[in-house]
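Those letters in the sequence shown? Residues 1 to 687, by the numbering used here.
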Amino acid sequence: MRRAAVSSLAALATLAAACGSSPPPEAPEIPAPPAPVSAPAAALASAAPIAAAPPQKAAEPVYSGKVLEVVGGVTAASYPPTGFDKLTKTQRVIAYHLTQAVLAGDPIFTMQTSRYGWPVTEVVRKLLAKKDKIDPKVAEKLALYRKMLFLHHGIHDAKTGQKLVPPLDQKEMEAAARAASVAIPKDLLKGMFDPSVAPNVTNKTPGKGKDPLVESAANHYEGVTSADLEKFKDRYELNGRVVKEKGKITEQVYRAGDDKNPAGLGAKELGRVIKHLEAAMALSGPAEQAALGHLVKYLRTGDNEEFRQHDIAWLKQVSTVDYILGFIETYGDVRGRKGNFEGFVAIPDPERDPPLQALAKSALYFEQKMPWEAKWKRDSFQTPASAAVTVLAAAGDAGPFTFSGVNLPNAQDLREKYGSKNFVVLSVMDTRDGLTLARTIDEFAPEEARSEMHRCAKYLEYAATGFHEITGHGSGKVNADLKADPSQLLAPYYSAMEEGRAERVADFLTGDPKAVEIGILPDAGCAKVYASYTAMIQMVMLKNVPEGDAVEEDHLRAELISSGNAREKGAIVVEQRGGKTFFVVKDAAAWRKAEGDLLAELQRIKATGDKAAIKALVDKFGTKLDTKLRDEVLARRKSLNLPSNMATIPPILTLEQDGRGVVVDAAARQTTSLDEYIAAVEKAWAD
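Below, the structure is given as structure tokens:
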């Protein structure tokens, strides 16, 4: 599960693997990768035992984001490859191949967002390839549309799920197609321009008598209804697509194929992914090869057991260059079953990592502080593997609206038995916060909290994300007699429950004195103002649904439940000051009590599989928003020229060769334009 970057409010899967911590000895030059080899067996080391956490210094961010362009209300901003130069040459080349693997699979997510997403993308690219034949003004609009399609992975807004309005009209599109001799099917034109066709990626609450599957544009199903699938058992839980043809329900699987398994969906793209994974394997140590070997087998065969074994292997080894790659998060499926493709490559930032390591080592202490019943508290931990990281690649469902933190694996039984791994994504957080956070505080924080919030702001998101991922998703137990994983028992409300549970853990534990002791927060003043900061963010988050009042996104649903509950209990007071609305926390302790009570209930719901209870919370607080307040938030943000959303653009990596064409190193640099980045990604689609 992942944490949205709530401070700048950008949009929000994937099994993680790791690579590069134990590379072969450094050589003067790196030969071209050999032919693919089978992964050798390797002994996997256990995580370190829990130890007392020494006092640490709170992390200091570095704001180095650069605005590249604004596309349809989305600000695209890049950041530098901090720490890349400190890797060994071998690690840098491994990182290059992992980033190329991630980018090569990027189109798969566009295929999943709707059946129109990838075909429309291809049509627009074909038209722009012949732009010299098209009216220049229309060509400019097509170029803008191409960027929108690229950033959002299709025809729907990545944050709201609502269909994008193209920057050109249907007549202009048809005229361009005629001029360039490019055929556009009529149903594709409807997909782009008819607002009644595929209006939302997901529609979890479509209204009485309507079917969420039928009303959702997400391309995980075709021709089936919810009734068809009531007793259906998915063979390919995350990496499949369910279709109904001639009255028969069948599953399609995403896989590259091999001599025993025919090629499936996304075979071409997955073949390119595998090529680069095998190149990385050839340069990696035994433990990394073992984990990557399972991942390659999974992508070839679609066998879920290979995915599971890969996850276990990854949890038992530590790496310098880490990646996430696969079909993981299920936010985009109303059934909560099918995973969107994503990829993510990251390296640690050792200067800002110590407080996270101290937090991980204190996981058992914080578990015992949880407000829920003792029977759902874990009594032992493998120290959660955690890292503050710079992202080198983020594609598919992981980018460019990249999360601020992630905790994997998602399977509850694996978390309880093997532990979890956490990333706090500093490059993304710092880029967003550096460009937007100060102005957000000036406009939306109550005056009495403003000064302290400015002083502490650079620590608050770091602390929130660390607690959310490490002690949030990784905490708690469920009843041993549950008949299935909570994600299945609580669907389609599980993600809202779990994201809310992890966020409430952060809200509750940031008030504990140990948060200051271990350095995740600098002092008690910052711990106190955290309450006002969170309330402010919850109000500003309303801007994530710019039209209508229906809320589909699970992170926003979770925050609406929290703020609604806090207001109902008087822990947040809505005040009008000078014609503006503010969410005011007058008593931080009372606010934490309200959050703790809600947290205890969310843990009970998860532990017992109480679907009726989470449905009641979502229905009461989480499906509709206050449109009047939302419109006020939008107007105030517009007056400050704050972006509606932010896409964080990773660095560009390239190989370096000697005069003989032998690979000797890899380089990374901050992206200087969105066009440059799109070209680099599209090159990976074809290589």
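Glycine included, each C-beta is placed from N, C-alpha and C at the ideal position.
Rounded to whole angstroms, the gap between the alpha carbons of residue 561 and residue 586 is 20 Å.
Separation of residue 419 and residue 308 (C-alpha to C-alpha, rounded to the nearest whole angstrom) is 14 Å. Excluding residues up to 5 positions away in sequence, 539, 540, 542, 543 lie with their Cβ nearer than 7 Å to the Cβ of residue 633 in the same chain. In the same chain as residue 621, and ignoring 5 residues on each side of it, the C-beta atoms closer than 7 Å to its own belong to 560, 561, 564, 565, in chain order. For the 8 Å CB-CB criterion, residue 95 and residue 653 form a contact. Taking C-beta separations shorter than 7 Å and ignoring five residues to either side along the sequence, the partners of residue 614 in its chain run 490, 493, 497, 605, following chain order. In this structure, the straight-line span from the alpha carbon of residue 520 to that of residue 526 is close to 10 Å. With respect to residue 229, residue 256 sits apart: the two C-beta atoms are not nearer than 8 Å. Straight-line measurement puts the Cα of residue 601 at about 8 Å from the Cα of residue 372. For the pair residue 356 and residue 388, the CB atoms are nearer than the 8 Å cut-off.
DSSP places residue 348 in the strand class (E or B) of the three-state scheme.
Minimum Cα-Cα distance from residue 71 among the listed residues 208, 224, 644, 411 corresponds to 644. By the neighbour-count criterion, in which a residue is buried when 16 or more other Cβ atoms sit within 10 angstroms of its Cβ, residue 458 is buried. Of the residues 4, 679, 680, the one whose Cα lies closest to the Cα of residue 329 is 4.
At the C-beta level, residue 431 and residue 359 stay beyond 8 Å of one another. The alpha carbon of residue 235 has as its nearest neighbour, out of 192, 205, 301, 210, the alpha carbon of 301. Bounds of any alpha helix (DSSP H) do not take in residue 577; it lies within the beta strand (DSSP E) bounded by 573–577. The Cβ neighbour count for residue 576, taken over all protein chains shown within 10 Å, is under 16; the residue is labelled exposed.
In this structure, the CA atom of residue 261 is about 11 Å from the CA atom of residue 254. Linking residue 414 to residue 332 through their CA atoms gives a straight-line distance of about 23 Å. Annotation: the continuous beta strand (DSSP E) that includes residue 245 extends over 240–245. Ranked by how close their Cα comes to the Cα of residue 347, the residues 192, 554, 98, 616 have 98 in first place. Residue state for residue 433 is assigned as helix, using DSSP reduced to three classes. Assigned with DSSP and collapsed to three states, residue 668 falls in strand.
Residue 598 is positioned such that its CB atom lies no closer than 8 Å to that of residue 455. When DSSP reads this structure, residue 265 sits in a beta bridge with 254. When Cβ pairs closer than 8 Å are counted between the two stretches, the segment 280–294 is seen not to touch the segment 237–246, the count staying below three.
Here residue 646 is bridged, per DSSP, to 75. Of all alpha-carbon atoms in 485, 209, 590, the one lying nearest the alpha-carbon of residue 609 is that of 485. Rounded to the nearest angstrom, the Cβ distance from residue 509 to residue 366 is 6 Å, consistent with a contact under 8 Å.
For the 8 Å CB-CB criterion, residue 400 and residue 532 do not form a contact. The residues 539, 542, 581, in chain order, have a CB closer than 8 Å to that of residue 629 in the same chain once the five nearest residues on each side in sequence are set aside. Residue pairing for residue 386: DSSP places it in a beta bridge opposite 422.
Per the DSSP secondary-structure output, residue 248 pairs in a beta bridge with 245. Across the structure, residue 174 and residue 186 are spaced so that their CA atoms are roughly 10 Å apart. Straight across, the Cα-Cα distance linking residue 102 with residue 325 is about 7 Å.
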